[in-house]
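In our numbering, the protein residues as written are 297 to 1075. The C-beta atom is built at its ideal place from N, Cα and C for all residues, glycine as well. These notes concern the structure reproduced below.
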RNA sequence: GGGCCAGUGGUCUAGCCUGGUCAUGACGUCGCUCUUACACAGCGAAAGUCGGCGGUUCGAAUCCGCCCUGGCCCA
């Protein structure tokens, strides 16, 4: 007796509304809980980027990346790993401070610190809730229950702990050095926080009198306000114009100090007059020469961006005002021979877009230069996906010339745990294991170790945010919190991140974790491309070319968005976001849905003794698909499985196999055993495709799986094994070409597909002739 | 100035490492078709100097050199 076919899937397309129900189900089932070495499976630990709540809407490219990371985690589970997939939120740093200053029209330095911090917290909480909700809507399978925040007491305690260990290892030092400084943000910047922009500025050519002669030297500069800090004028050694001036002295106009003229190869003969004044500090070139030639620095600009006493009557003016004032005076005194406007590549603060200044300041530094050779080795040993992006890290390591300045003058960040003796200024660093706020807390020290004084002053500075983020791999593996857990999970298996923060997050993570644990923090680095707008431009909030991802998710569902994210661009390449293409991904889901709906009509029989040639053929195609998908997943590449599965489903399985076996599947033709062979094979292929797709489109695959193959979730299953079926590629090709030829002939002859046709089945395809005859109505 | 990446039908993309089938697929366009899963479909068609120039080779989208354009990063 044959069971009546029962349609198990309603409607002719996938309803994204079902996603919400599934997510609720997953939450109650709690399938993804991590315990080290559970069921004797190997651990797989992700070090994921905690997103920064910087505003609404969230960058759609970032959201795409989070969905891709989820696919990495889900595929690892289905490859048989026990997966630790942490969810964190990065809440330290400048952006929230700037947003808070703008929102409440207040200034950080003029607001009580406690109050300011509270305002920042509220802003972060608000956006954080929005982001977590979006992540959940995407179907992210991370550990939301144990989500962490980088501004929590527990996290900051660990950041301070890492600092204290580095301090004790004598890897931290204080130095008074020229520092890249943003006068607007009021803080020192790391190299990574600087960006460049072409901006108009004046190039002023001034007469410098040559000492004890009537000669003059013309010197062009973009920084006339720094004349008082000029200590040297350089010319190129091969510059014939100035050969006889080298070694003599010139007099700085307006200020009258005498400075030598020297030959130096870094002078550009073609820029300005070829003679360059070297001041402390106009740009990096100045810094380099001051260091190289051991010149005496004159601090001309203070940390508020105002001219210092060294600037004489210009003291107290802003750099900008001083510049225009001084240009005017130089012109009036006929010292300036030329004032022209030029486009100048100006270094800017990445956050405030203010031109940076170089000011000598006392800052804390973490040693890195002496470890660069070791870091280069670690970078070489690390497995990059794709391999090409290792280059970005190598280039960065090769370009570093100073140690890492780790202190900042901000509020919403982890405090540097130091107290200074009020008398002798000796720094005291407390014991690790607590969260310290020296600007607020009482000193844990009773007596200065140096002078015995009993009063202390707490440090007010904070850490650069990368000091926090760089230990994410240590935090999620419970370093200094749970030794057994840490042993089992560190180093992490994989760091997943965008290519834009390789030189910051990835590099600083390697540096700090290496210094603390002597190991690289992770084995693999997965580097995603960046989301661009539809015309290929970087999507930036400042450019206003943002697309709100939420309506897209609402309209097409998370699975369509995810499938688009997986299949849009190859691993590591930038991708463009457009609604059309997400919609196109949705069509694939419809195709999958209808294929499943068709197959669900048939009962799933046991494997018959023998299968037909047609069944063997599609199983061989499936075997190679499984192999390709597995290779893709092992390389953490989602592009490979998503595009291969789409091609197989659409162009091979649905177009050819299903059409060929329809007759048998319905039981219209052939023996009962052949019918079961078709049904068995249809279900086997369906199951395999669902399993292969489950990491990419977790909702639709789970829904179909539960409906057709039992009530349990697909997400606790493993990937299918590639079978032993073998059919020559040429035969496969020939089979599909024959079908196409029949279709073409029918249309040329004006025949409907159901009309019969006289056509010879090629000899090589004899094994398929029963199915082909039924399919094409060959008479 | 340097580095990395990219440049393939109207749009996007595979192939390039490991040279050799009429260059893959998707979106879009046009025509036909309701064919016991799917019209969010099926079938078919039009559409390409594989950025340019030169070289290696019997043969180059693929290897080499130079150049142009765009993106990202660095100095």
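For residue j and residue i, the rounded distance between their alpha carbons
i: residue 914; j: residue 702; result: 60 Å
i: residue 742; j: residue 734; result: 14 Å
i: residue 299; j: residue 941; result: The pLDDT assigned to residue 299 is 46, lower than 50, so where the model puts this residue is not dependable, and the model offers no usable value.
i: residue 866; j: residue 978; result: 30 Å
i: residue 1075; j: residue 1065; result: 12 Å
i: residue 523; j: residue 619; result: 10 Å
i: residue 387; j: residue 481; result: 18 Å
i: residue 828; j: residue 794; result: 13 Å
i: residue 469; j: residue 655; result: 18 Å
i: residue 364; j: residue 858; result: 7 Å
i: residue 853; j: residue 425; result: 20 Å
i: residue 587; j: residue 381; result: 47 Å
i: residue 1038; j: residue 964; result: 22 Å
i: residue 297; j: residue 968; result: Confidence at residue 297 is low in this model, with a pLDDT of 38, below 50, so the placement of that residue is unreliable and no value is reported for it.
i: residue 428; j: residue 717; result: 44 Å
i: residue 823; j: residue 681; result: 6 Å
i: residue 629; j: residue 668; result: 52 Å
i: residue 808; j: residue 762; result: 10 Å
i: residue 768; j: residue 343; result: 7 Å
i: residue 790; j: residue 819; result: 6 Å
i: residue 1069; j: residue 1019; result: 28 Å
i: residue 320; j: residue 700; result: 46 Å
i: residue 1011; j: residue 937; result: 17 Å
i: residue 301; j: residue 335; result: Bear in mind that the predicted position of residue 301 carries a pLDDT of just 46, short of 50, making it unreliable; the figure below should be weighed with that in mind. The straight-line gap from Cα to Cα measures roughly 39 Å.
i: residue 957; j: residue 909; result: 11 Å
i: residue 613; j: residue 546; result: 27 Å
Under 8 Å between C-beta atoms of residue i and residue j
i: residue 526; j: residue 490; result: no
i: residue 1109; j: residue 662; result: Here the chain covers residues 297 to 1075 and nothing more, so residue 1109 does not appear.
i: residue 659; j: residue 715; result: no
i: residue 406; j: residue 377; result: no
i: residue 1009; j: residue 327; result: yes
i: residue 476; j: residue 708; result: no
i: residue 513; j: residue 557; result: yes
i: residue 446; j: residue 706; result: no
i: residue 370; j: residue 990; result: yes
i: residue 638; j: residue 672; result: no
i: residue 988; j: residue 922; result: yes
i: residue 310; j: residue 939; result: no
i: residue 400; j: residue 771; result: no
i: residue 653; j: residue 608; result: no
Span of the alpha helix (DSSP H) around residue i
i: residue 327; result: Unbroken run through residue 327: none, as it is neither H nor E.
i: residue 427; result: 409 to 433
i: residue 367; result: 356 to 374
i: residue 881; result: 875 to 895
i: residue 456; result: 449 to 464
i: residue 1000; result: 994 to 1005
i: residue 861; result: 854 to 863
Residue range of the beta strand (DSSP E) that includes residue i
i: residue 933; result: Note, residue 933: premise wrong, no beta strand (DSSP E); not H, not E.
i: residue 340; result: 339 to 343
i: residue 843; result: Neither: residue 843 is in no beta strand (DSSP E) and is coded neither H nor E.
i: residue 442; result: 439 to 445
i: residue 986; result: Residue 986 -> not in any beta strand (DSSP E); alpha helix (DSSP H) instead, spanning 968 to 989.
i: residue 471; result: 468 to 478
i: residue 658; result: 653 to 662
i: residue 716; result: 715 to 717
Any beta strand (DSSP E) of 3 or more consecutive residues that is wholly inside the region 780 to 827: 788 to 794 and 818 to 824
Every unbroken alpha helix (DSSP H) within the region 671 to 701, with a cutoff of 4 residues, ordered by chain: 686 to 695
Does the contact criterion of 3 or more C-beta pairs under 8 Å hold for the region 607 to 627 versus the region 678 to 693? no
Does the region 935 to 953 come close enough to the region 1050 to 1062 that 3 or more CB-CB pairs lie under 8 Å? no
Beta strand (DSSP E) segments (min. 3 residues) lying fully within the region 504 to 571: 512 to 517, 526 to 531, 545 to 547 and 554 to 559
Pairs of beta-carbons, one from the region 802 to 810 and one from the region 357 to 372, closer than 8 Å: are there three or more? Touching, no.
Taking 8 Å as the cut-off, does the region 843 to 857 touch the region 882 to 898 (at least 3 CB pairs, one atom from each stretch)? yes
Which runs of the alpha helix (DSSP H) spanning at least 4 residues fall entirely within the region 577 to 651, listed in chain order? 580 to 589 and 615 to 628
Any contact between the region 445 to 455 and the region 720 to 739? By contact I mean 3 or more CB pairs, one from each, below 8 Å. yes
Per the contact definition of three or more C-beta pairs closer than 8 Å, is the region 997 to 1007 in contact with the region 892 to 912? yes
Whole alpha helix (DSSP H) runs in the region 913 to 965 with 4 or more residues, listed along the chain? 935 to 943 and 955 to 962
For the region 526 to 536 against the region 563 to 570, do three or more pairs of beta-carbon atoms, one drawn from each stretch, fall closer than 8 Å, so that the two count as touching? The region 526 to 536 and the region 563 to 570 touch, with no fewer than 3 CB-CB distances between them shorter than 8 Å.
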